[in-house]
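Residue numbers (full-length UniProt numbering), protein chains in the order written: chain A, 1 to 100; chain B, 1 to 100.
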């Protein structure tokens with residue numbers, strides 16, 4: 001089943017847009033490791049939060065991605081920007097009225 | 001900007017899959033009113049919750065959709081299944097590494 005990882009990443013004050021730039025850098029590698037969709041977002045109501053919506057081929061593809069050197073490098077690059085506050089949901093996609 | 005509405009819908013015990021069936025019923029109308037993506041999901045860790053990820057052409061398209069009779073009818077149909085617990089995030093999409 002397609003796996004969804006929806007997350008909120010707390011950033012240190014003033015670092016939100018730096019993190020957005022990092023996360024939205026073109027990265028065709030993600031598709032090759034099973035990432036179907038990766039949307040990065042912001043809200044004026046939450047100036048120190050970056051939102052991500054990830055869809056993966058499956059939960060395994062997502063979990064395995066976190067072990068890959070390239071992904072570890074991105075996480076290390078982002079870490080200094082983060083406040084340590086995280087939130088979100090993980091679930092399996094059951095369907096869509098646009099494909100029903 | 002593309003607008004994301006990520007939500008959790010609490011259901012009454014045993015009604016989760018009924019709500020999933022309702023929300024995933026084919027509905028081409030949504031595309032015509034500006035819905036770009038509508039994913040419905042579940043998690044074994046949350047037996048009484050349905051997750052939705054909606055992407056809309058803009059916040060206005062999403063807000064206006066809630067006033068439309070067809071959408072109001074769907075909401076009315078779903079209401080008896082709901083526990084009243086809601087959560088989620090609303091934000092604007094800033095970009096994607098898959099399109100960067």
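Where is the CB? At the ideal position from N, CA and C, for every residue including glycine.
Checklist entry - Can the beta-carbon of residue 23/A be found closer than 8 Å to that of residue 52/A? => result Numbered from 1 along the first chain, position 23 holds the residue referred to as residue 23/A. Numbered from 1 along the first chain, position 52 holds the residue referred to as residue 52/A. The answer is yes: Cβ separation under 8 Å.
Checklist entry - Is the shortest distance between the beta-carbon of residue 79/A and the beta-carbons of chain B less than 8 Å? => result Taking the first chain and counting its residues from 1, one reaches residue 79/A at position 79. Not closer than 8 Å to any Cβ of chain B, the Cβ of residue 79/A fails to qualify, so no.
Item to check | Continuous alpha helix (DSSP H) stretch holding residue 69/A: start and end | outcome: Looking up residue 69/A in the first chain gives position 69. Per DSSP, residue 69/A belongs to the alpha helix (DSSP H) from 69 to 78.
Checklist entry - Closest by CA to residue 14/B, which one among 98/B, 75/B, 82/B? => result In the second chain, residue 14/B corresponds to position 14, counting from 1. Taking only the C-alpha atoms, the option nearest residue 14/B is 82/B.
Checklist entry - Taking all protein chains shown into account, do 16 or more other C-beta atoms lie within 10 angstroms of the C-beta of residue 91/A, making it buried, or fewer, making it exposed? => result Along the first chain, read from residue 1 onward, the residue named residue 91/A stands at position 91. Buried, because 16 or more other Cβ atoms sit within 10 Å of the Cβ of residue 91/A.
Item to check | residue 69/B to residue 34/A span [Cα, whole Å] | outcome: Numbered from 1 along the second chain, position 69 holds the residue referred to as residue 69/B. Numbered from 1 along the first chain, position 34 holds the residue referred to as residue 34/A. One C-alpha to the other measures close to 39 Å.
Item to check | Exposed unless 16 or more other CB atoms sit within 10 angstroms - verdict on residue 55/B | outcome: Here residue 55/B refers to the residue found at position 55 when the second chain is read from its first residue. Burial call: buried.
Next on the checklist: For a test of your reading of the model: does the CB of residue 28/B fall under 7 Å from any non-hydrogen atom of the ligand NAP? Yes or no.
Outcome noted: Ligands in the displayed structure: none, and consequently the ligand NAP is not present.
Item to check | Same chain, Cβ closer than 6 Å to residue 86/A, five either side skipped, listed in chain order | outcome: Along the first chain, one-based indexing puts residue 86/A at 86. Excluding sequence neighbours, residue 86/A sits near nothing in its chain.
Next on the checklist: To the nearest angstrom, how far is the alpha carbon of residue 49/A from that of residue 3/B?
Outcome noted: Taking the first chain and counting its residues from 1, one reaches residue 49/A at position 49. Taking the second chain and counting its residues from 1, one reaches residue 3/B at position 3. Approximately 16 Å between the Cα atoms of the pair.
Next on the checklist: Here's a check: name, in chain order, each residue in its chain whose Cβ is nearer than 7 Å to the Cβ of residue 60/A, leaving out the five neighbours to either side.
Outcome noted: Within the first chain, numbered from 1, the residue matching residue 60/A stands at position 60. So the list is empty, once near-sequence residues are dropped.
Checklist entry - Nearest-angstrom Cα distance between residue 45/A and residue 39/B? => result As a working note, residue 45/A is residue 45 in the first chain. As a working note, residue 39/B is residue 39 in the second chain. C-alpha separation (whole angstroms): 24 Å.
Checklist entry - Could you give the distance in angstroms between the alpha-carbon of residue 63/A and the alpha-carbon of residue 58/B? => result Your numbering for residue 63/A matches position 63 in the first chain. Your numbering for residue 58/B matches position 58 in the second chain. For residue 63/A and residue 58/B, the distance between alpha carbons rounds to 32 Å.
Checklist entry - To which residues does DSSP link residue 38/A through a beta bridge? => result In the first chain, counting from the first residue as 1, residue 38/A sits at position 38. In the DSSP output, where bridge partners are listed per residue, residue 38/A has 54/A.
Checklist entry - Going along chain B, which residues have a C-beta under 8 Å from residue 4/A? => result If you number the first chain from 1, residue 4/A lands on position 4. Those within 8 Å of residue 4/A in chain B are 39, 41, 51, 53.
Next on the checklist: Using a Cβ-Cβ distance cut-off of 8 Å, determine whether residue 65/A contacts chain B.
Outcome noted: On the first chain, residue 65/A is found 65 positions in, with the first residue counted as 1. Judged by the 8 Å Cβ criterion, residue 65/A is not in contact with chain B.
Next on the checklist: For chain A, check one thing: does any of its Cβ atoms lie closer than 8 Å to the Cβ of residue 75/B?
Outcome noted: Numbered from 1 along the second chain, position 75 holds the residue referred to as residue 75/B. Not an interface residue.
Item to check | Check whether residue 98/B and residue 37/A have beta carbons under 8 Å apart | outcome: One-based indexing of the second chain puts residue 98/B at position 98. One-based indexing of the first chain puts residue 37/A at position 37. Cβ atoms of residue 98/B and residue 37/A: closer than 8 Å.
Next on the checklist: I want to see whether chain B comes within less than 8 Å of residue 20/A, judged by CB atoms only; does it?
Outcome noted: Counted from its first residue, the first chain places residue 20/A at position 20. Chain B, which has a Cβ nearer than 8 Å to the Cβ of residue 20/A, makes this yes.
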